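Residue numbers (the working numbering): 3 to 106.
Here is the structure:
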């Protein structure tokens, strides 16, 4: 295997800490958005709770059981879509009017 430039224990540790920080930050943002959306839309709490309770009661907590929680998955995806990291950091501003062509 070729030697990686700057592959010291210190440099590799810094790189791993940076990646871990980004992953934790992203997960925390998703969780916070989901909690906010649940508080703002309490009508979704009961159906989500019922789905989780039913699946956990029948199958316990596992990767497979989590993959069967379709409502929870959809709710989290919608929370990310509405309030995700891109919605606040990658905002776009139209600076002039634009008309789309209807030609194919």
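Backbone N, C-alpha and C define an ideal beta-carbon position, used for all residues, glycine too.
Here the structure is a predicted model, which means the values were calculated and not measured.
Taking residue 84 as the reference, which of 19, 39, 74 has the closest Cα? 39
Residue 35 and residue 82: beta carbons closer than 8 Å? yes
Would residue 69 and residue 61 be called neighbours here (beta carbons separated by less than 8 Å)? no
Would you please state the rounded distance, in angstroms, between the beta carbons of residue 74 and residue 50? I believe it to be under 8 Å. 6 Å
State the Cα-Cα distance for the pair residue 104 and residue 12, rounded to the nearest angstrom. 57 Å
Which value, in whole angstroms, describes the spacing of the CA atoms of residue 48 and residue 54? 10 Å
Just reading off the alpha helix (DSSP H) that residue 9 is part of, what are its end residues? Run containing residue 9: none; DSSP gives neither H nor E here.
Exposed or buried, what is residue 57 when buried is set at 16 or more other beta-carbons lying within 10 Å of its beta-carbon? buried
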